[in-house]
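> Here it is, the structure in full.
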Amino acid sequence: MDTRRFGNTDIQVTPVGLGTWAIGGWMWGGTDEAQSIDTIHAAIDKGVGLVDTAPVYGFGRSEEIVGKALAGGRRDKVALATKVAMNWSDDHENVWREATAARIEKEVEDSLRRLQTDHIDIYQVHWPDPQTPMEETAKAMENLLKAGKIRAIGVSNFTPEQMDEFRKFAPLHSLQPPYNLFERDIEQEVLPYCDEQGIATITYGGLCRGLLSGKMSKDSQFQGDDLRNNDPKFQGERFQQYLNAVQALDEFARERYQKNVLALALRWLIDRPGVTTALWGARRPEQLDPVGEIEGWSLDTKALKAIDDILAEHIKDPVGPEFMAPPSRDEAA
Numbered sequence: 098m099d100t101r102r103f104g105n106t107d108i109q110v111t112p113v114g115l116g117t118w119a120i121g122g123w124m125w126g127g128t129d130e131a132q133s134i135d136t137i138h139a140a141i142d143k144g145v146g147l148v149d150t151a152p153v154y155g156f157g158r159s160e161e162i163v164g165k166a167l168a169g170g171r172r173d174k175v176a177l178a179t180k181v182a183m184n185w186s187d188d189h190e191n192v193w194r195e196a197t198a199a200r201i202e203k204e205v206e207d208s209l210r211r212l213q214t215d216h217i218d219i220y221q222v223h224w225p226d227p228q229t230p231m232e233e234t235a236k237a238m239e240n241l242l243k244a245g246k247i248r249a250i251g252v253s254n255f256t257p258e259q260m261d262e263f264r265k266f267a268p269l270h271s272l273q274p275p276y277n278l279f280e281r282d283i284e285q286e287v288l289p290y291c292d293e294q295g296i297a298t299i300t301y302g303g304l305c306r307g308l309l310s311g312k313m314s315k316d317s318q319f320q321g322d323d324l325r326n327n328d329p330k331f332q333g334e335r336f337q338q339y340l341n342a343v344q345a346l347d348e349f350a351r352e353r354y355q356k357n358v359l360a361l362a363l364r365w366l367i368d369r370p371g372v373t374t375a376l377w378g379a380r381r382p383e384q385l386d387p388v389g390e391i392e393g394w395s396l397d398t399k400a401l402k403a404i405d406d407i408l409a410e411h412i413k414d415p416v417g418p419e420f421m422a423p424p425s426r427d428e429a430a
């Protein structure tokens, strides 16, 4: 476990944190509360030091589950991260960005209540809101920091330009961007920027929505509102390209390290320069079993090149995570 400086406090985190978005409901379908709580307990027992969630995951349900899981003495064992600045219709059919001061002030109280805590360790603006002045958003977040309701200010899915604008009005301690073997756009500008400015990174999507788990096939289907129904990676010929890459990566990992592709993907991620913590979603305790498989080894330059060669050979039509961006308020109206 490492000590990382976030805002006004030193927060204990491990290289791999638990991203509770996997139990949220909004992105992946329904949830089992008891199973989800058991999963969080198992993560803490394995030394996971960061739990990340958001109000929009299950429309408050994910935060409620995290709050129940951390009650009874476990709250102080983890850094607790959640997000702000998303809104939704009463019927949950529409979701949009809303980073107004009024929305932030309301959401933080709702999150504190659901999480059963008096402070949030890392509070993150979920998506930039083009309809709200950055000054308004940043100053609202700084007010929460000064009030002691949060201990660090973070943003998620922001560009370097947006972070520059935010930092004109408030301190910025962390960024949560998408990052995995298949989605690497942040290597060009975002990671170097964060490294230069001393901004910690909490990367999400480490297994690329399950693609890098090694558990999928061409017959995999996703039900209801599962986000993967809208992800171009999981459609048609492109899906097969990614599956072929996963198979080749798995063969490489087993031959070289006696590991599987899941362990390879996570080891690759936490070995990357500029990555502070990597989020890993889990729905069931057994999905945390590979935590031990990523310790005690690393990838050398030769292995990294071999991995890049595999990707170039199999993925002819790559696509990033752009499809995940929710609409602004005017687009959702």
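Its first residue numbered 98, the sequence shown is counted upward by one per residue in the numbering used here. The C-beta atom is built at its ideal place from N, Cα and C for all residues, glycine as well. Note that the structure is predicted; figures quoted are calculated from it, not measured.
#1: Excluding five sequence neighbours on each side, which residues of the same chain lie with their C-beta closer than 7 Å to the C-beta of residue 414?
#2: Could you tell me the distance, in whole angstroms, from the CA atom of residue 226 to the CA atom of residue 399?
#3: Compare the Cα-Cα distances from residue 324 to each of 166, 372, 223, 423 and report the closest residue.
#4: Assuming residue 254 is part of the beta strand (DSSP E), what are its boundary residues?
#5: Tell me which residue opens and which closes the alpha helix (DSSP H) that residue 183 is part of.
#6: Please classify residue 251: is it buried, with 16 or more other beta-carbons within 10 angstroms of its beta-carbon, or exposed?
#7: Please report the residue range of the beta strand (DSSP E) in which residue 194 lies.
#8: Hey, how far is the Cα of residue 387 from the Cα of residue 241?
#9: Under DSSP, the beta strand (DSSP E) around residue 222 begins and ends at which residues?
#10: Return the CA-CA distance between residue 406 and residue 418, expressed in angstroms with no decimal places.
#11: Since residue 378 is in the alpha helix (DSSP H), which residue starts that stretch and which ends it?
#12: Leaving out five residues on either side along the sequence, give the residues of the same chain with a beta carbon under 8 Å from the beta carbon of residue 272.
#13: Please report the straight-line C-alpha distance between residue 440 and residue 185, rounded to a whole angstrom.
#14: Under the assumption that residue 350 contacts residue 343 (Cβ atoms under 8 Å), give the Cβ distance between them as a whole number of angstroms.
#15: Find out if the Cβ-Cβ distance for the pair residue 365, residue 412 is shorter than 8 Å.
#16: CA-CA distance, residue 326 and residue 319?
#17: Quick check: the stretch 389-399 against the stretch 188-202, are at least 3 beta-carbon pairs closer than 8 Å?
#18: Whole alpha helix (DSSP H) runs in the stretch 307-366 with 4 or more residues, listed along the chain?
#19: Using only the alpha-carbon positions, how far apart do residue 201 and residue 246 sit?
#20: In the DSSP assignment, find the unbroken beta strand (DSSP E) run with residue 299 in it and report its ends.
#21: Can you give the Cα-Cα distance for residue 416 and residue 330, rounded to whole angstroms?
#22: Rounded to whole angstroms, what is the Cα-Cα separation between residue 267 and residue 238?
#23: With DSSP as the reference, label residue 392 as helix, strand or coil.
#24: Looking at residue 362 and residue 304, is the spacing between their C-beta atoms short of 8 Å?
#25: Using the Cα positions of residue 133 and residue 233, report the straight-line distance between them to the nearest angstrom.
#26: Buried or exposed, going by whether 16 or more other CB atoms sit within 10 Å of the CB of residue 317?
#27: Below 8 Å on the Cβ atoms is my contact criterion, and I expect residue 147 with residue 176 to pass it. Report the Cβ-Cβ distance as a whole number of Å.
#28: Would you mind reading off the limits of the alpha helix (DSSP H) that contains residue 405?
#29: Roughly how many angstroms lie between the CA atoms of residue 123 and residue 192, to the nearest whole one?
#30: Kindly indicate the opening and closing residues of the alpha helix (DSSP H) around residue 292.
#31: Cα-Cα, which of 188, 152, 187 is closest to residue 178?
#32: So, residue 139 versus residue 385, is the Cβ gap smaller than 8 Å?
#33: Using the C-alpha atoms, what's the distance from residue 228 back to residue 157?
#34: In whole angstroms, give me the CA-to-CA distance for residue 181 and residue 215.
#35: Thinking C-alpha only, which one of 203, 333, 311 is nearest residue 348?
In short:
#1: Reading the sequence shown from its first residue, position 317 is the one you call residue 414. For residue 414, where only same-chain residues beyond five positions count, the Cβ hits under 7 Å are 335, 338.
#2: Counted from its first residue, the sequence shown places residue 226 at position 129. Counted from its first residue, the sequence shown places residue 399 at position 302. One C-alpha to the other measures close to 42 Å.
#3: As a position in the sequence shown, residue 324 is number 227, starting the count at 1. Of 166, 372, 223, 423, the residue nearest in Cα terms is 423.
#4: By 1-based counting over the sequence shown, the position of residue 254 is 157. Residue 254 -> no beta strand (DSSP E), and no H or E assigned at all.
#5: The count along the sequence shown starts at 1 and reaches residue 183 at position 86. Per DSSP, residue 183 belongs to no alpha helix (DSSP H); it is in the beta strand (DSSP E), 183-185.
#6: Residue 251 sits at position 154 when you count from the first residue of the sequence shown. So residue 251 ends up on the buried side.
#7: For the purposes of this step, residue 194 is identified with residue 97 of the sequence shown, where counting begins at 1. 192-194 is the extent of the beta strand (DSSP E) around residue 194.
#8: Against the sequence shown, residue 387 aligns to sequence position 290. Against the sequence shown, residue 241 aligns to sequence position 144. Approximately 37 Å, taken between the alpha carbons.
#9: As a first step, residue 222 must be located in the sequence shown, where it is residue number 125. Run containing residue 222: 219-222, per the beta strand (DSSP E) assignment.
#10: Position 309 of the sequence shown holds residue 406. Position 321 of the sequence shown holds residue 418. Taking the straight line from one Cα to the other gives about 21 Å.
#11: The count along the sequence shown starts at 1 and reaches residue 378 at position 281. First-last for residue 378: 374-378, but that is the beta strand (DSSP E), not the alpha helix (DSSP H).
#12: Taking the first residue of the sequence shown as 1, we reach residue 272 at position 175. Contacts found: 251, 252, 253, 255, 260, 287, 291, 296, 297, 298, 299.
#13: Since the displayed the chain opens at 98 and closes at 430, residue 440 lies outside it and no answer follows.
#14: As a position in the sequence shown, residue 350 is number 253, starting the count at 1. As a position in the sequence shown, residue 343 is number 246, starting the count at 1. About 10 Å separates the two Cβ atoms, so there is no contact after all.
#15: Taking the sequence shown and counting its residues from 1, one reaches residue 365 at position 268. Taking the sequence shown and counting its residues from 1, one reaches residue 412 at position 315. Going by C-beta atoms, residue 365 is not nearer than 8 Å to residue 412.
#16: Your numbering for residue 326 matches position 229 in the sequence shown. Your numbering for residue 319 matches position 222 in the sequence shown. Each residue's alpha carbon lies about 6 Å from the other.
#17: no
#18: 333-354
#19: Sequence index remark: in the sequence shown, residue 201 carries index 104 (1-based). Sequence index remark: in the sequence shown, residue 246 carries index 149 (1-based). Approximately 12 Å between the Cα atoms of the pair.
#20: In the sequence shown, counting from the first residue as 1, residue 299 sits at position 202. Segment 297-300, the beta strand (DSSP E) holding residue 299.
#21: As a position in the sequence shown, residue 416 is number 319, starting the count at 1. As a position in the sequence shown, residue 330 is number 233, starting the count at 1. One C-alpha to the other measures close to 7 Å.
#22: On the sequence shown, residue 267 is found 170 positions in, with the first residue counted as 1. On the sequence shown, residue 238 is found 141 positions in, with the first residue counted as 1. Spanning the two alpha carbons is a distance of roughly 8 Å.
#23: Within the sequence shown, numbered from 1, the residue matching residue 392 stands at position 295. It is coil, neither helix nor strand.
#24: Counted from its first residue, the sequence shown places residue 304 at position 207. Counted from its first residue, the sequence shown places residue 362 at position 265. In this structure, residue 362 lies closer than 8 Å to residue 304 by Cβ.
#25: Taking the first residue of the sequence shown as 1, we reach residue 133 at position 36. Taking the first residue of the sequence shown as 1, we reach residue 233 at position 136. The alpha-carbon atoms of residue 133 and residue 233 are separated by roughly 36 Å.
#26: Taking the first residue of the sequence shown as position 1, residue 317 is located at position 220. Counting Cβ neighbours within 10 Å, residue 317 comes out exposed, since fewer than 16 surround it.
#27: Residue numbering aside, residue 147 sits at position 50 when the sequence shown is read from its first letter. Residue numbering aside, residue 176 sits at position 79 when the sequence shown is read from its first letter. Going by Cβ atoms, the distance from residue 147 to residue 176 rounds to 5 Å, so yes, they are a contact pair.
#28: Taking the sequence shown and counting its residues from 1, the one referred to as residue 405 is at position 308. Residues 398-411.
#29: One-based indexing of the sequence shown puts residue 123 at position 26. One-based indexing of the sequence shown puts residue 192 at position 95. In this prediction, residue 123 has a pLDDT of 37, which is less than 50 and means its spatial position is unreliable; nothing more can be read from the coordinates.
#30: In the sequence shown, counting from the first residue as 1, residue 292 sits at position 195. Its alpha helix (DSSP H) spans residues 287-294.
#31: On the sequence shown, residue 178 is found 81 positions in, with the first residue counted as 1. For the residues 188, 152, 187, the minimum Cα distance to residue 178 belongs to 152.
#32: Position 42 of the sequence shown, counted from the first residue, corresponds to residue 139. Position 288 of the sequence shown, counted from the first residue, corresponds to residue 385. Result yes, Cβ atoms of residue 139 and residue 385 sit closer than 8 Å.
#33: One-based indexing of the sequence shown puts residue 157 at position 60. One-based indexing of the sequence shown puts residue 228 at position 131. The straight-line gap from Cα to Cα measures roughly 24 Å.
#34: Along the sequence shown, one-based indexing puts residue 181 at 84. Along the sequence shown, one-based indexing puts residue 215 at 118. C-alpha separation (whole angstroms): 16 Å.
#35: Translated into positions along the sequence shown, residue 348 becomes position 251. If we check each option's Cα against that of residue 348, 311 comes out closest.
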